[in-house]
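Undergrad: Shown below is the structure under consideration.
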Amino acid sequence: MTSGRDQSRSPGSGASKAAGSWLAAMLLPLLVLAGLASLGAGVRTVSPVEIWQAVTAYDPANPLHVTVIDIRLPRLWAGLVAGGALGLAGSIMQALTRNPLADPGLLGVGSGAAFAVVFGSLLLGASDSGLLSMLAFPGAAIASAAVFALGGGLRGDVGPVRLTLAGAALHALLLSLVSAVVLVRSDALDILRFWVAGSLSEAGQRPLLPMTIVAVLAAGLALAMAPVLETLSLGSGLSRGLGTRLWQAQGGALLAVTLLMGAAVAIAGPIGFLGLMVPPLARRFSGHRLGIELVASAMIGAIILLVADTAGRLILPPGEVRAGVMTAVIGGPVFVLIARRMRQGASA
Amino acid sequence: MRGFIILGLGLVLAVVFSLMIGDVWITPAKLWQGLLTGQGPGSLTLRVIRGPRVATALGAGAALGLAGAIFQTLFRNPLAAPDVMGFNAGAGLAVLLAISFGWALPMPVVAALGGLLAAVLVAALAHKPGHPASGMVLILVGLGFGFTASAIASFISVSLPVSEASEAQRWLTGSLAARNWGHAAEVWILATVLSIALAALLPAFKLIELGNDLATGLGLRVDAARWSIIAVGVLLATAAVAVSGPVPFVALMAAPLGIGLTRAREPGARFAAAALSGALVMVLADLAARAAIPGVQLPIGVMTGILGAPYLLWRLSREMERGEL
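Respectively, the protein sequence lines represent chains A and B.
When we follow numbering that gives the first Met the number 0, the leftmost residue of the first sequence carries the number 0, and every step to the right adds one.
When we follow numbering that gives the first Met the number 0, the leftmost residue of the second sequence carries the number 0, and every step to the right adds one.
See below:
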């Protein structure tokens, strides 16, 4: 399945400097716009001027200021970190497996993290707190190891079809287990909804700061691994020459995926399809340079998640469509489109 | 033959246990008394509480098992099942749409339309002129279609009033709660009619199994026959979805289980085995969903997810060892 990735990479498509300025010119304004929309839109619309006032001259008596600072700002923060982490994790996973359908959110890594958290809270009888959210990391680690083992392992080329199907099965299993555990603890459908399809609406109660630190560290790790991982996409013959460095890079990349997914789930619950949609978009900016693709993926992931969250708030008032459902509605057709193209590699 | 006896006995036992076990235990003696006299707690359980639920599970499970056997044989792929390929999710979405828009159509009709539309869409999306669609592409496209359909279903469920939340849950994950004899009759009648249609198509099915070229040479209109069989399979699956929601993995698991137990070779016998084991899986899963955790009624879809996903994983690893994946 090298063809899928290579097709989108036109060799020599400009220097990395040009790509960098493209990113800044195209993605930064979009990100700012998405952020403003996230702060401004909702049941009460807040204008950019009022947002500015709320930030610079906060007045606790003004309900608009309270809405912006106490409710929507954590939500924006959560969207930036979780969206960035999910997009980044998708790009790493696709580079690692050379599979355009590999999204850690659909392969069971995200639902593994969610299951660990809800199962932990069942065992300890505690409600989900910041400390309990740390369970998301071992959950994500076990799930990503399991999906690799089930999908054919790191023993060379992981066939795209079997990895995707094994991941889908693992994801279905873990989501069923999440439903069972949550239904045991309470029949509050709201809690169930959060852990089955994530949302940014809980942002105020989630451990934003520690998870942000973890996500940033993991992003740094991923960027450090990027040059070696890049050679993976050139074919196993070339990458075999790298020997131990390749193993280190693969291990580091898996660790980064685990940390990023754990952080994203601890903040926003399991959200699928970002890791599927974001990398192809990011490759339009990056060409065949993985380092730039990773940066672009983080930005695009944050943009899409913020837009999905904002749209979910507005689309069916007075109800709110969770961000995880919004990304699935957009991402499902993308999955079909990519699967359609997998003709040649399908027997691998 | 021994396999069929085991399956049949298992089914009888599963039904009896299913009627006995629940929040209130009903002994077989009380059940028997209720059956004979129409009086007492046994009778109430049979007539109102657990009887219709078990009957619905039997009919829906048999229909799903048959549907799974049809697709798995036709596509020569153990992963080709209406639930994996998104047809069940399509039918569930159609029902949810009908509820939220207040369409005055009977549920089985809505589910059938949704399932057929899903099948046509998946086939069309997986098709590319000049390239014969491989079974794996069909399955992946179907998987993505299923993701999309269930996402849209959760999207719509937001707009339903809170009072309908449990009903929405049924159409998202599958549930057998609050089923009455009307539901049981509905799925039984549809499954019977469709089984007769399948029996009529059996000669054509046997020819297709010999290979398309041979079948054409023997005078069969292969495409017409294939599409009729596919339609019967989709309708069987949607008949089940109309009463129980898109319960996952029963269609996937039932046929290999039944055929493995009975070692049936002949298509008719294989279908019978798949129907029996589908019913068995459904009744047992419903029992487990009710009884696994005291005081908690899990939706059956959650239980078949927990049972069926490991089966799918095991199946994948076996296909892999055989080098077929």
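We put the CB at the ideal spot given by N, CA and C, even for glycine.
1) Going by C-alpha to C-alpha distance, which of A/297, A/323 and A/312 sits closest to residue 272 of chain A?
2) Give me, in chain order, the residues of the same chain whose beta-carbon lies closer than 7 Å to that of residue 339 of chain A; leave out the 5 immediate sequence neighbours on both sides.
3) According to a CB-to-CB cut-off of less than 7 Å, which residues of the stretch 279 to 307 of chain B neighbour chain A?
4) Using only the alpha-carbon positions, how far apart do residue 181 of chain A and residue 132 of chain A sit?
5) Are there 16 or more other CB atoms within 10 angstroms of the CB of residue 116 of chain A, so buried, or fewer, so exposed?
6) Cβ closer than 7 Å: which chain B residues qualify as neighbours of residue 104 of chain A?
7) Count the other CB atoms, across all protein chains shown, that sit within 10 Å of the CB of residue 85 of chain A; report buried if there are 16 or more and exposed otherwise.
8) Between residue 264 of chain A and the rest of its own chain, which residues show a CB-CB distance below 6 Å, the 5 nearest in sequence each way excluded?
9) Do you know how far the Cα of residue 243 of chain B is from the Cα of residue 1 of chain A?
10) Taking the CB atoms as reference points, tell me whether residue 259 of chain A and residue 77 of chain A lie closer together than 7 Å.
11) At a Cβ threshold of 7 Å, is residue 318 of chain A touching chain B?
12) Can you check whether the CB of residue 255 of chain B is closer than 7 Å to the CB of residue 204 of chain B?
13) To the nearest angstrom, report how far apart residue 257 of chain A and residue 139 of chain A are at their CA atoms.
14) Counting Cβ pairs closer than 8 Å, one from the stretch 244 to 256 of chain A and one from the stretch 87 to 99 of chain A, do we hit at least three?
15) Output the distance between the C-alpha atoms of residue 247 of chain B and residue 207 of chain B, rounded to the nearest integer angstrom.
16) In the DSSP assignment, the alpha helix (DSSP H) including residue 30 of chain A goes from what residue to what residue?
17) Could you tell me which uninterrupted alpha helix (DSSP H) segments, each at least 4 residues in length, are contained entirely in the stretch 174 to 240 of chain B, listed from first to last along the chain?
18) Which runs of the alpha helix (DSSP H), 4 residues or longer, sit entirely within the stretch 255 to 324 of chain B?
19) Of the choices B/138, B/226 and B/200, whose alpha-carbon is the least far from that of residue 115 of chain B?
20) Would you say residue 188 of chain B lies against chain A (beta-carbon separation less than 7 Å)?
21) Could you have a look at residue 141 of chain A and say whether DSSP puts it in helix, strand or coil?
22) Is there at least one Cβ from chain A nearer than 7 Å to residue 84 of chain B's Cβ?
23) Below 7 Å CB to CB, which residues in the same chain sit around residue 80 of chain B once its five sequence neighbours on both sides are set aside?
24) How would you write the range of the alpha helix (DSSP H) that residue 157 of chain B sits in, first residue to last?
25) Quick one: residues in its chain with C-beta nearer than 7 Å to the C-beta of residue 319 of chain A, no 5 flanking neighbours on either side, listed in chain order?
26) Please name the residue, chosen from B/234, B/20, B/34 and B/245, that lies closest to residue 172 of chain B on a Cα-to-Cα basis.
27) Contact defined as beta carbons within less than 8 Å: I believe residue 203 of chain A pairs with residue 73 of chain A. What is the distance between those atoms, to the nearest angstrom?
28) Report yes if the CB atom of residue 63 of chain B is closer than 7 Å to the CB atom of residue 152 of chain B, and no otherwise.
29) Going by DSSP in three states, residue 22 of chain B sits in which element: helix, strand or coil?
30) Roughly how many angstroms lie between the CA atoms of residue 150 of chain B and residue 37 of chain B, to the nearest whole one?
31) Is the number of C-beta pairs between the stretch 272 to 284 of chain B and the stretch 104 to 120 of chain B that are closer than 8 Å three or more?
32) Could you tell me which of B/181, B/134, B/175 and B/201 sits nearest to residue 65 of chain B, measuring between CA atoms?
33) Below 7 Å between beta carbons is the criterion; list the residues of the stretch 138 to 158 of chain B that meet it against any residue of chain A, in chain order.
34) Kindly say whether residue 315 of chain B, judged by its beta-carbon, lies nearer than 7 Å to any beta-carbon of chain A.
35) Could you tell me whether the stretch 45 to 62 of chain A touches the stretch 209 to 222 of chain A, using the rule of 3 or more Cβ pairs below 8 Å?
36) In the DSSP assignment, find the unbroken alpha helix (DSSP H) run with residue 204 of chain A in it and report its ends.
TA: Looking at the coordinates:
1) Comparing Cα-Cα distances from residue 272 of chain A to each of A/297, A/323 and A/312, the minimum goes to A/323.
2) Take residue 339 of chain A, set aside five residues on each side of it, and no residue of its chain has a beta-carbon closer than 7 Å to its own.
3) The stretch 279 to 307 of chain B vs chain A, Cβ under 7 Å: 292, 295, 297, 301, 304 and 305.
4) Each residue's alpha carbon lies about 15 Å from the other.
5) buried
6) None at all; the shortest Cβ gap to chain B is about 11 Å.
7) It is buried - the Cβ of residue 85 of chain A has at least 16 other Cβ atoms within 10 Å.
8) 109, 112, 113 and 135
9) Since pLDDT at residue 1 of chain A reaches only 37, below the 50 mark, its modelled position is unreliable, and no value is offered.
10) The beta carbons of residue 259 of chain A and residue 77 of chain A sit no closer together than 7 Å.
11) For residue 318 of chain A, the answer is yes, since a Cβ of chain B falls inside 7 Å of its Cβ.
12) no
13) Taking the straight line joining both Cα atoms gives about 5 Å.
14) Judged by Cβ distances under 8 Å, the stretch 244 to 256 of chain A makes contact with the stretch 87 to 99 of chain A, as three or more pairs qualify.
15) C-alpha separation (whole angstroms): 28 Å.
16) 27 to 39
17) Complete alpha helix (DSSP H) runs here, min 4: 180 to 208 and 211 to 216.
18) Whole alpha helix (DSSP H) segments, 4+ residues: 266 to 290 and 299 to 320.
19) B/226
20) no
21) Helix, per DSSP.
22) With 7 Å as the cut-off, residue 84 of chain B does not count as an interface residue toward chain A.
23) 67, 70, 71, 250 and 251
24) From DSSP, residue 157 of chain B is part of no alpha helix (DSSP H); its letter is neither H nor E.
25) 200, 311 and 312
26) B/245
27) 5 Å
28) no
29) In the structure shown, residue 22 of chain B sits in coil (DSSP, three-state: anything other than H, G, I, E or B).
30) Rounded to the nearest whole angstrom, the CA to CA distance from residue 150 of chain B to residue 37 of chain B is 46 Å.
31) When Cβ pairs closer than 8 Å are counted between the two stretches, the stretch 272 to 284 of chain B is seen not to touch the stretch 104 to 120 of chain B, the count staying below three.
32) Ranking the options by Cα distance to residue 65 of chain B, first place goes to B/201.
33) 139, 140, 142, 143, 144, 146, 147, 150, 151, 153, 154, 157 and 158
34) For residue 315 of chain B, the answer is yes, since a Cβ of chain A falls inside 7 Å of its Cβ.
35) At 8 Å Cβ cutoff, the stretches do not touch.
36) From DSSP, residue 204 of chain A is part of no alpha helix (DSSP H); its letter is neither H nor E.
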